[in-house]
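In order, the protein sequences belong to chains A and B.
For the first sequence, the residue numbers in my numbering are 1 to 1008.
For the second sequence, the residue numbers in my numbering are 1009 to 2016.
Glycine included, each C-beta is placed from N, C-alpha and C at the ideal position.
Taking it in order: structure first as structure tokens, then the write-up.
Protein chains: 2
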Amino acid sequence: MAALSFQDVIMRLHEFWARQGCVLWQPYNIQLGAGTGNPATLLRVLGPEPWYVAYVEPSIRPDDGRYAENPNRMQMFYQYQVILKPDPGNPQELYLQSLQAVGIDPREHDIRFVEDNWESPALGAWGLGWEVWLDGQEITQFTYFQQAGGLELEPVSVEITYGLERIVLALQGKDAVWDIDWLDPANGKLTYGDIFRRAEVEHCTYYFDVADVEGLRRTYDVYEQESRRALEHGLVIPAYDYVLKCSHLFNELDARGAIGVTERAGYFRRMRAMTRNVALAYAEQRRQMGYPIDNPAWAAPALASHTTFPQGEGERPGIVLPTEPADFLLEIGVEELPAGDVDDALAQLRAAAPKLLGDLRLDCQSLVTYATPRRLVVYAHRLAPRQTDLERTVQGPPARAAFDADGNLTQAAIGFARKQGVDVSALQRITTKDGEYVAAVVRTAGRPAVDVLAEALPGFIAGIRFDKAMRWNASGVAFSRPIRWIVALFGPAVIPFTYANVVSGNVSRGLRPYGSPDLPIESPAAYFKAMGEQGIVLDQDERRTRIVEQTHTLAAEVGGRIPEDADLLAEVTNLVERPTVLRGGFSPDHLALPREVLVTVMRKHQRYFAVEDEHGKLLPYFIAVRNGDRQHLDQVTHGNEHVIRARFADAAYFYRKDTARPLESFLPRLSTLTFQEKLGSVLDKNNRLAGLVPAMVALLGMGEHVLPVARRAAHLAKADLATQMVVEMTSLQGVMGRHYALLNGEPEAVAEAIYEHWLPRSAGDALPRTPAGIALALLDRLDSLAGLFAAGLEPRATADPYGLRRAALGVVQILATRQIDLDLAEALDPVANAQPIPVSTEVRAAVLDFIAARLRAWLLDLDLPHDVVEAVLAEQSRNPYRAVQGIDDLREWVKREDWSSILDSFARCVRITRGQPAYPLRPEALSEPAERDLYTAYRRAADSLTLSDNVGAMLAVFAGMTPAVTRFFEDVLVMDEDQAVRENRLALLQAVAGLAAGRADFSKLVGF
Amino acid sequence: MAALSFQDVIMRLHEFWARQGCVLWQPYNIQLGAGTGNPATLLRVLGPEPWYVAYVEPSIRPDDGRYAENPNRMQMFYQYQVILKPDPGNPQELYLQSLQAVGIDPREHDIRFVEDNWESPALGAWGLGWEVWLDGQEITQFTYFQQAGGLELEPVSVEITYGLERIVLALQGKDAVWDIDWLDPANGKLTYGDIFRRAEVEHCTYYFDVADVEGLRRTYDVYEQESRRALEHGLVIPAYDYVLKCSHLFNELDARGAIGVTERAGYFRRMRAMTRNVALAYAEQRRQMGYPIDNPAWAAPALASHTTFPQGEGERPGIVLPTEPADFLLEIGVEELPAGDVDDALAQLRAAAPKLLGDLRLDCQSLVTYATPRRLVVYAHRLAPRQTDLERTVQGPPARAAFDADGNLTQAAIGFARKQGVDVSALQRITTKDGEYVAAVVRTAGRPAVDVLAEALPGFIAGIRFDKAMRWNASGVAFSRPIRWIVALFGPAVIPFTYANVVSGNVSRGLRPYGSPDLPIESPAAYFKAMGEQGIVLDQDERRTRIVEQTHTLAAEVGGRIPEDADLLAEVTNLVERPTVLRGGFSPDHLALPREVLVTVMRKHQRYFAVEDEHGKLLPYFIAVRNGDRQHLDQVTHGNEHVIRARFADAAYFYRKDTARPLESFLPRLSTLTFQEKLGSVLDKNNRLAGLVPAMVALLGMGEHVLPVARRAAHLAKADLATQMVVEMTSLQGVMGRHYALLNGEPEAVAEAIYEHWLPRSAGDALPRTPAGIALALLDRLDSLAGLFAAGLEPRATADPYGLRRAALGVVQILATRQIDLDLAEALDPVANAQPIPVSTEVRAAVLDFIAARLRAWLLDLDLPHDVVEAVLAEQSRNPYRAVQGIDDLREWVKREDWSSILDSFARCVRITRGQPAYPLRPEALSEPAERDLYTAYRRAADSLTLSDNVGAMLAVFAGMTPAVTRFFEDVLVMDEDQAVRENRLALLQAVAGLAAGRADFSKLVGF
């Protein structure tokens, strides 16, 4: 059969979804960014009324325009949108059937559900679900809608959004959307390009180069006001229409580059507020109307049950409960879990499963747990058929109350026995530390394993928690993704329970590409055979190993190797149940792009492994992991190659656009990028850094040669933020700046500093190494801290939108790791003075405290002794490097055998002077030999210490003084009656204690 | 089979049109008033590239909103739009097949193609075609697109626009769109109302009551500018998108009542200009692209041929050309002609057919012509098989040159004979008034009738002209509607020719509701039998008679009669080939609406005959004429009843809205209705009239009692223009004003004057009769004339947008017919002084001249003698009534036997004084008796004449003076040598001639 035409694909989808009972809807007559915006989705998903709908939506995303130069990325593309409310219970299967309806056989492709958590800030909407990949190409967004217009959805809607062009591209085997046959060839030749290509170029030109920013802004304001007016009159749809128009206007302005960062947040806030008001009004309107839509064809499904015997008939005929130890199997069948959740679930199962069986007093010979994207498994070998019996001694009333004067049991004792279910004759006397009591030995007979498991398993499953959980049906259960079946067997017997509207049974499901066939499991032992027949590798380690081996083999075949990438490997391992690795190639021309770009594209967008040669140079290959067997692997490979070609084309497009002009020329664009309203644009920040360079270089004591480098680098530091590559892939900021700088002939050191000034980008990231890079990195962070604190934007609780914790930590890490002795108070002043708003003394102190807190946390994370850290930080928190040094010193000292005596000596000096004002030391007035000796020792010690001497040096000299201290306290009465004598002695001790000042506060130490 | 659901109807149409090769398209993502606006129509119809497309378009027409109170009229409805470019040759048949595809069987309904000439001023587009009626309901607009964006279309596109709701309404037999089943009942219950009703009410409220006029206006300006900017950058589609957005904004503003008459024209001009610029740019862009779309499946069809033998094989086997007289038949088969064009064509055929045969020298026994909406027929009985021979005598060279001295023929004569194709021996001598010549008798043998007809018939058909003609295929032929077949027979033989890409043949087509079956016509004689079998009544008179008879019978059955309506009868007669009359009823409740409203709705919208009782009171019935037989007549009747119900519901809606408030309360609204920019609003005009009432009443010499009536009527005169009924049906202006005034308790006379002030509305219309009505009617027209002339808007050539010719003619008709002696110069002055802009003396004169010109034209139309009219108008054009009187007088006088002597007498007085200055008459200096007698006669005559004496009275007194005149010229030498005597005699004659001043200028008369 020839591949369907574009229009026939739409017709087949219409037919398919109409058969499922969907309303066939029309695209909206307002420009939308996505079908979600159509009121048939965004409003109809609100409230309790059921709603099934399917429609095409031309989706306008000005920002995605590529002047028709990309094979499959355009400012306009056709979505096919389906909403199923409530969840019919099998939406993934319906979706896969719909693909078959248009001619996509899952056996011939690699169809994958890859985690994607969708969110639309403007619409106040979010949901969890997946991107669906067809041979590496994202063809569909599949989401369980949790919230819309800021309102919780009850019930949840299933949203399926097909990318029609990409589906047809794959179906027709074309290289670019422009070549897609729109018509059935029987009706002649007409391509997608014939219809749209010219318009695509024009729209891009309009959005990027022509649109009048001022006019569109004004229109936005008018429309926002109209939305409000309409809503004031209770007009929901007209109000919503204007929200959509505003949204498009915003997208236009954004593509035109007219929206800065903070401004963007403001626009989003306005749109979200509008949407929320509309949603509230709509919900209320429907309530008042009494929810008129009530189509029984769209009712929520009954409980899902997966057994080989009919629902309601109880156990399978002829099956009796085991009376001997038997295997136990729990399989929680889910829709594809996110990779991270597979790990999380596995870790929880490993901890919780033994605990469960232990708590239930169910012995077993061995216990294993597995997790794949589609199943969580607990398997116990030879589980006891019953709980072990329990014997407990329960303490009753005191003996004196339990027996009357005649030694007979009192009513209290009899009541106790009755309450404990034991015969009075079985009561015993026991002696406790509180005296004598009666006690009952209570024996609880073990219950059958099936019964207790049936009771416990719902709670067990409920105990598995995820960072992000979702609801999907009326049970209200939240889980990472919907639970669709549960196998719970004890030997051949089903352990009956219901969780999340799923009834446990004895039918598992097979591999997704095989159509997830029902797999009746006769007994737990048979489970592994069934999985094995499907090629499903339950064990995560085994999956990983297989991937590593195959990957290396395929790389080696082309003389390559795989750069280490544990994160990617871990992720990929959790994306498949049956890993089959394939190698694809791409044009070596693409290797002209910077390596980071290529690797980022392969890794982040496609989860591909890059391949490099023995010198570390990239080869024109990638390695991908398919879920399934080797059937039609060539077709899957071909599809993946197409995808990476489009991806690289996109990157090349950006690269071409970016390199057509010098990096410096991107700077003016930064003036439209608001850093923060009060703090000006990113360009302002950039210029601020440049101005601060001399001061920082001086403070850091860097050589004169650093200045020009740092200055130039600061000038260009943020320029790449305006390049298309970075706009598209933010993670490349700095990387591209360095790359483009070098292309422009900037010195290596300048380029490197541009790159390094972003470091560290995250915990565990590299730190700047070059002097200029260090200076800029510090400046950038201090600037953010000073400015944003002054603007009242210090982080609160968990909210840290500007990443100030990370910034502060970066400062700490750089200084500590690069061993830079810098007083942050000194460094902060010029930065604070350079801000466009006043930075008060209090704010400066708050910034320093904030950094100190990061320093503390960082040090404690290094498992350093808490008291040592506190002791040093109490005096040195403003200079992280010195603090680290001091801590290192102190850690050595506290290990010494004589430490306690040294500390004790010092403590005596400190303790007696506590609470005393500072007295002037008059050495000449010291008369007792011991005090004179101490003074001499102190004098020598103090003279031997310089400012840069840290805790170690100080302790070394103090250790030498300890005899003098000891003698002093032995021979001299500090608190002499003569006030002058007393004060002078205290002054001497204060001076001794003062040796620690600026170094450590030993009073924080344990044992002080 | 159950009726299809709404969404299934769309799917069936998609399937049907996809099978015809159409691109299935999506609605546009910008609010459109109609599918025509979608670039898939408006731009793709431009230029030579073929294009077949079909799509749904939600069409937004704010003005049509009824707050969901009407069963089938809404601000949003779904169009299904099809474009076929070029014309496939059978678009009507395809369309009818598509109706069958959704379950509409033409045999069970009355499907009619009713003339509709579509125009979109904003899009600069127009075309000719039809509304398609299904049982009286307009369900489709079918147009041959002639122009779009101001550009001629080559080729022409066929545009088919279905009104989906109305089609489904009929299919499902629902009473209101809100009850339409959107889903197949197998998928549950969901109505159109469930989806749209609430939104409909909201949109109406927004458009009519909430929208912010100023904001939307500003947005229009921004968008207009964006369109221009985009176009300056060559961006056609973005520019066009903004045109569409402007168009919707305009519609919103209009519905909000924010657009005055002139302002509207301005907006249309702006939108038209934008569209035209876009269209030009698009056309040029496609040209530069080399017209890439070239789908052979959409190629124009080959020649259409309708014969019972294969194309190219010539004559039918065994058929030989008649050699004896045989019948001749020409049938031009067309798509449904407009009613008026049927009449026009018939009249032309009646004149041209005999002339054709005469010119061709083809005798026949009798000749008849017929016209129906689908065929134009010429039938000649016993036409000669050959032309009659022709014998002509052709004059050659003079005899002296034709013969040499020997009497032999010269070379000149021989050459002449050769040239004429005669033997030299046949040359003859003839004698003319110029002398003797040689001559040849040239005989042309008659050629076969078939040959000459084959040559002549194309020209004959081309000779049929229509007021509005259209092109449809590559032949470029223009005709009222497309010619689809031609039967041309001479006896059994086809007369072969091609016209408009149609090859003549011998196959006619039957009645439309029978599927227009092919009807092979063996011979002309068989034609009438074939038509008869189809029930087709070729003869117009017979059709009319049948309609009249059936109509009257059906009316009589319910005790009613049909009010005379010749125009409607004539129209209906031309809308059907087989008339079958049906009677439908409607709820008597609707009779509460004013009769004019009901009749207007029935007549104008539906072509129904109203039914009244013997007292002239309407009965709740209507009578409609179906094209076809009586099959399923009940269903057709039911459909028609549904339609009129909806129509009346709409009227009732307006009536309800209008009568909810007093008529006076509509006045303020008139302030937003611009009459003309410089002349203010309609309210200003209304108030101007009210202010002028006293002056006009006085000038007209009407009694004091008229003043309050006229004043009150003037105050309310234009109020009904703001009522919804009049906004909807302009023809009811005045009618509704009168009606609503009476409802408000205004006096009869006031109400009548409100009505009458609009009279006459057209040529042949009634004239005002009441004094107040007359006064207002005159004032209204003079006001328009004075103001608009002053504003520089006098009519030019054929353009008369403000209807000033009609206004001036109205003034003339009222004054003349109501016999009102009014000096227009006097009447104009106060009106001119009341204008908000200065009205100069020149302008006033121009207005009076303009009215005089209307008066002249009107008089000449009455077939009055041209010279008499000119003579009187020369002196009395400013007072139409007196002019008419004068003309009447003069016409009597010129009939008198002594008229020439009277005229001669008067002429002598005039002629001799011509070119002389005016001399003072000194009676005392007259000395000769004849001159003294003449003076005495003059004196008596002059004294006996009063100002009001017209031409008759003046001639009567002058007739008495003629002896004196005669004697004067006999006895007196006027041109005496004495200058004083001479001048005094000339002065006397000037005085005599002056008797005609202000009455007539006799020098204009024939014989003067």
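For glutamine 147 of chain A, the secondary structure class from DSSP, reduced to helix, strand or coil, is strand.
Three or more Cβ pairs drawn from the region 190-203 of chain A and the region 174-182 of chain A lie within less than 8 Å of each other, which places the two stretches in contact. The DSSP assignment places complete alpha helix (DSSP H) segments of no fewer than 4 residues inside the region 552-600 of chain A at 566-573, 595-600, in order along the chain. In this model, alanine 1407 of chain B and leucine 1461 of chain B are separated by some 40 Å (Cα to Cα).
By the neighbour-count criterion, in which 16 or more other beta carbons inside 10 Å mark a residue as buried, valine 1006 of chain A falls on the exposed side.
A straight-line Cα-Cα distance of about 12 Å links glutamate 1332 of chain B and leucine 1370 of chain B. A residue is called buried when at least 16 other Cβ atoms come within 10 angstroms of its Cβ; glutamate 1932 of chain B does not meet this threshold and is exposed. Fewer than three Cβ pairs drawn from the region 74-81 of chain A and the region 321-335 of chain A lie within less than 8 Å of each other, which leaves the two stretches out of contact. At a C-beta separation below 8 Å, tryptophan 1306 of chain B has these neighbours in chain A: Gly188. The beta carbon of asparagine 473 of chain A sits closer than 6 Å to the beta carbons of Asp87, Asn501 from its chain, once the five residues preceding and following it are set aside; these are given in chain order. The beta-carbon of threonine 1778 of chain B is placed no less than 9 Å from the nearest beta-carbon of chain A. Shown here for valine 1734 of chain B: same chain residues with a beta carbon closer than 7 Å to its own, the five before and five after excluded, namely Asp1728, Leu1740, Gln1741, Met1744 in chain order. By the Cβ neighbour-count rule, glutamate 1978 of chain B is exposed, with fewer than 16 other Cβ atoms within 10 Å of its own. Inclusion of alanine 1360 of chain B and valine 1402 of chain B in the CB contact set at 9 Å is not warranted, their separation being larger than that value.
Counting along the chain, serine 1952 of chain B sits inside no beta strand (DSSP E); it lies in the alpha helix (DSSP H) bounded by residues 1937-1952.
The beta-carbon of glutamate 1565 of chain B is placed no less than 9 Å from the nearest beta-carbon of chain A. Rounded to the nearest whole angstrom, the C-alpha separation of leucine 13 of chain A and alanine 610 of chain A is 37 Å. In the DSSP assignment, phenylalanine 1858 of chain B falls within the alpha helix (DSSP H) that extends over 1849-1869.
A straight-line Cα-Cα distance of about 6 Å links tyrosine 740 of chain A and leucine 663 of chain A. Of the candidates B:Ser1909, B:Arg1886, B:Val1880, B:Val1880 places its Cα closest to the Cα of arginine 1899 of chain B.
Listed along chain B, the residues sitting closer than 7 Å to leucine 183 of chain A by beta-carbon distance are Val1031. Contact residues of the region 528-547 of chain A toward chain B are absent (C-beta to C-beta distance below 9 Å). Beta-bridge partners of phenylalanine 403 of chain A (DSSP): A:Leu409. Counting the other Cβ atoms within 10 Å of the Cβ of tyrosine 938 of chain A gives 16 or more, which makes it buried. Within 7 Å of the CB of threonine 1227 of chain B, the CB atoms of chain A belong to Thr219, Val222, in sequence order along the chain. Taking 4 residues as the minimum length, the alpha helix (DSSP H) runs contained wholly in the region 760-846 of chain A are 771-790, 804-817, 824-833, in order along the chain. When the five nearest sequence neighbours on each side are left out, the beta carbons in the same chain lying within less than 6 Å of the beta carbon of arginine 481 of chain A are those of Val334, Glu335, Leu337, in order along the chain. For glycine 1041 of chain B, there are no C-beta contacts with chain A under 7 Å, since the nearest C-beta of that chain is about 11 Å from it. Neighbours of leucine 235 of chain A in chain B, taken as residues whose beta carbon is under 7 Å from its own, are Glu1210, Thr1213, Tyr1214, Val1218 in chain order.
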